[in-house]
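Quick note on my numbering: the sequence shown kicks off at -17 and runs consecutively. Each residue gets a CB set at the ideal place from its N, CA and C atoms; glycine is no exception. Heads up: the structure comes next, in structure tokens.
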Amino acid sequence: MSDTQYLENLVDLGLTRYQAAVYLALMDRQDFTPAQIATRAQVPRQRIYDVLASLCDRGLCLERHSGRQRIFQAVEPSQALPTLLQEKQKQFTAELQRQEQQTHRAVAALSPLYTKGHNTQDPLAYIDVLSEPNRIADCGAKLSQSAQSSISVFFTYPSLLSHEDGLNLVKDPLQRGICYRTIYEHNIWQDPSSQDFIRQCQTWGQQVRFVEKVPFKMQLFDQRITLLSLQDPLSGTPSFTALNVTHPGLGEMLNIAFESLWHQGTPEPILTERG
């Protein structure tokens, strides 16, 4: 092991670099005068007495006198170094106790703030605004999977889902016996793939009606949770913002609107010739 590594090990045990350098220098022979040690350890002479005194206080160095001359020698490492470890253990224990007390004080101070903050109800906590298409689609899928009794849908183009994803979204609740009703616009029947989609859903048990126009895209789950997909009226390209609202009063009102439009609808689409 090099002198540098010895030095670093002693520093890790809690010595300063000057203390470590002096203690290592004291290893070289039986005793040294302060001036000799300062030269040997490359420690400034104005600091050497303070460093030697601190080593004596920590049990790593002994001082004796030869006439009027002060002589210093190292304490054998097997006796001196365990003392450093004991000091570090005491420091660690004291620091741990300090941090425990600080933690208890922080808990006592912050707990009332937490309780106060979490007892305050966010007036908009029942509304979640979604702007990313993937988040909107994921939200609709999760709500469909968790529906317990009914799903009511206003459907109009454009759709965020592919043909296959749309079928998967409808199939699960229908297989679980959920009352699933959808109101489509008449013109959707002009698209052959939409015809296939609707017929397949009807085969699984979905009930459908057709109207001239639906006011917006909506999925109403158990007459309580609503997913409204609102297209930006000022944008020329499809741009959606969805509101996921859990509010029984709003759900009840939207269900009334759905039932009214449902009774106005027809079981089969009414097609008009394109101009």
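query = Would the segment 178 to 193 and the segment 158 to 170 be scored as touching if the rule is three or more Cβ pairs under 8 Å?
reply = Touching, yes, given that three or more Cβ pairs across the two stretches are closer than 8 Å.
request  = Counting only the same chain and skipping the five closest in sequence on each side, list residues whose C-beta sits under 7 Å from that of ALA62.
outcome  = Locating residue 62 in the sequence shown gives position 80, counting from the first residue. Within the same chain, ALA62 has close Cβ partners GLY41 and LEU42.
VAL227 versus ALA119 - alpha carbon distance = Position 245 of the sequence shown, counted from the start, is the residue given in the question as residue 227. Position 137 of the sequence shown, counted from the start, is the residue given in the question as residue 119. Going from the Cα of VAL227 to the Cα of ALA119 covers about 15 Å.
query = For PHE240, which option in ASP39, GLN28 and VAL190 has the closest C-alpha, if you only look at C-alpha atoms?
reply = Taking the first residue of the sequence shown as position 1, residue 240 is located at position 258. It is VAL190.
ask   = How long is the line joining the alpha carbons of THR208 and GLN81, rounded to whole angstroms?
value = Position 226 of the sequence shown, counted from the first residue, corresponds to residue 208. Position 99 of the sequence shown, counted from the first residue, corresponds to residue 81. So the two alpha carbons sit approximately 49 Å from each other.
task = Can you have a look at ILE252 and say buried or exposed, based on whether 16 or more other CB atoms are within 10 angstroms of its CB?
result = The count along the sequence shown starts at 1 and reaches residue 252 at position 270. Classification for ILE252: exposed.
request  = Spell out a yes or no on whether the segment 69 to 85 and the segment 49 to 61 are touching, meaning 3 or more CB-CB pairs, one atom from each, closer than 8 Å.
outcome  = The segment 69 to 85 is not in contact with the segment 49 to 61.
ask   = Where do the ends of the beta strand (DSSP E) carrying ARG191 lie?
value = Translated into the one-based positions of the sequence shown, residue 191 becomes position 209. Element bounds for ARG191: 189 to 193.
query = Between THR15 and the rest of its own chain, which residues show a CB-CB distance below 8 Å, the 5 nearest in sequence each way excluded?
reply = By 1-based counting over the sequence shown, the position of residue 15 is 33. The beta carbon of THR15 sits closer than 8 Å to the beta carbons of GLN51, ARG52, ILE53 and PHE54 from its chain, once the five residues preceding and following it are set aside; these are given in chain order.
ALA129 in three-state terms, based on DSSP = As a first step, residue 129 must be located in the sequence shown, where it is residue number 147. In this structure, ALA129 counts as coil in the three-state DSSP scheme.
query = Nearest-angstrom Cα distance between ALA20 and LEU67?
reply = As a position in the sequence shown, residue 20 is number 38, starting the count at 1. As a position in the sequence shown, residue 67 is number 85, starting the count at 1. For ALA20 and LEU67, the distance between alpha carbons rounds to 26 Å.
query = ALA129: buried (16+ other C-beta within 10 angstroms of its C-beta) or exposed?
reply = Here residue 129 is taken as the residue at index 147 of the sequence shown, counted from 1. Classification for ALA129: buried.
task = Classify ILE53 as helix, strand or coil using the three-state DSSP reduction.
result = Position 71 of the sequence shown, counting from 1, holds the residue named residue 53. The answer is strand: DSSP assigns ILE53 an E or B state.
task = In angstroms with no decimal places, state the Cα-to-Cα distance between GLN246 and ILE109.
result = Position 264 of the sequence shown, counted from the start, is the residue given in the question as residue 246. Position 127 of the sequence shown, counted from the start, is the residue given in the question as residue 109. In this structure, the straight-line span from the alpha carbon of GLN246 to that of ILE109 is close to 30 Å.
Straight-line gap, TYR0 to GLN83 (C-alpha atoms, nearest Å) = Locating residue 0 in the sequence shown gives position 18, counting from the first residue. Locating residue 83 in the sequence shown gives position 101, counting from the first residue. Cα to Cα, the separation comes out at about 34 Å.
ask   = Thinking C-beta only, is GLY122 closer than 8 Å to LEU287?
value = An answer regarding residue 287 cannot be provided, because it is not within the stretch -17 to 257 covered by the chain.
task = Taking 8 Å as the cut-off, decide whether the C-beta atoms of PHE137 and THR97 are in contact.
result = In the sequence shown, residue 137 corresponds to position 155, counting from 1. In the sequence shown, residue 97 corresponds to position 115, counting from 1. No, these two residues do not count as a Cβ contact at 8 Å.
request  = Less than 8 Å between the CB atoms is what I'm expecting for ILE133 and PHE203, so what's the real figure, rounded?
outcome  = Taking the first residue of the sequence shown as position 1, residue 133 is located at position 151. Taking the first residue of the sequence shown as position 1, residue 203 is located at position 221. That pair is a contact at about 6 Å.
ask   = Can the beta-carbon of LEU44 be found closer than 8 Å to that of VAL4?
value = Counting from 1 along the sequence shown, the entry for residue 44 is found at position 62. Counting from 1 along the sequence shown, the entry for residue 4 is found at position 22. Their beta carbons are not under 8 Å apart, which means LEU44 does not touch VAL4 by this criterion.
Pair within 8 Å by beta-carbon distance, LEU6 and ASP(-15) = The sequence position of residue 6 within the sequence shown is 24, counting from 1. The sequence position of residue -15 within the sequence shown is 3, counting from 1. Taking 8 Å as the Cβ cut-off, LEU6 and ASP(-15) qualify as a contacting pair.
key: Three-way DSSP call (helix, strand, coil) for MET46 in this model   = In the sequence shown, residue 46 corresponds to position 64, counting from 1. Here the sequence assigns Arg to residue 46, which means Met is not the residue at that position. DSSP places ARG46 in strand when its eight states are reduced to three.
request  = Can you tell me which of LEU212, THR65 and SER211 puts its alpha carbon nearest to the alpha carbon of LEU(-8)?
outcome  = To locate residue -8, count along the sequence shown from 1; it is residue 10. Closest by alpha carbon: THR65.
key: Nearest candidate by alpha-carbon position, reference PHE222, set ARG27, SER113 and SER48   = Taking the sequence shown and counting its residues from 1, one reaches residue 222 at position 240. Nearest to PHE222 by C-alpha distance, out of ARG27, SER113 and SER48, is SER113.
query = Can you name the start and end residues of the alpha helix (DSSP H) that ARG163 belongs to?
reply = Indexing the sequence shown from 1 puts residue 163 at position 181. Here ARG163 belongs to no alpha helix (DSSP H); instead the beta strand (DSSP E) covers 161 to 167.
message = Considering only the alpha carbon of each residue, which of GLU250, LEU243 and GLN201 lies closest to LEU232?
response = Start at 1 with the first residue of the sequence shown, and residue 232 comes out as number 250. By alpha-carbon distance to LEU232, the top candidate from GLU250, LEU243 and GLN201 is GLN201.
ask   = From what residue to what residue does the beta strand (DSSP E) around MET200 run?
value = The residue given as residue 200 occupies position 218 in the sequence shown. Annotation for MET200: the continuous beta strand (DSSP E) segment containing it runs 199 to 203.
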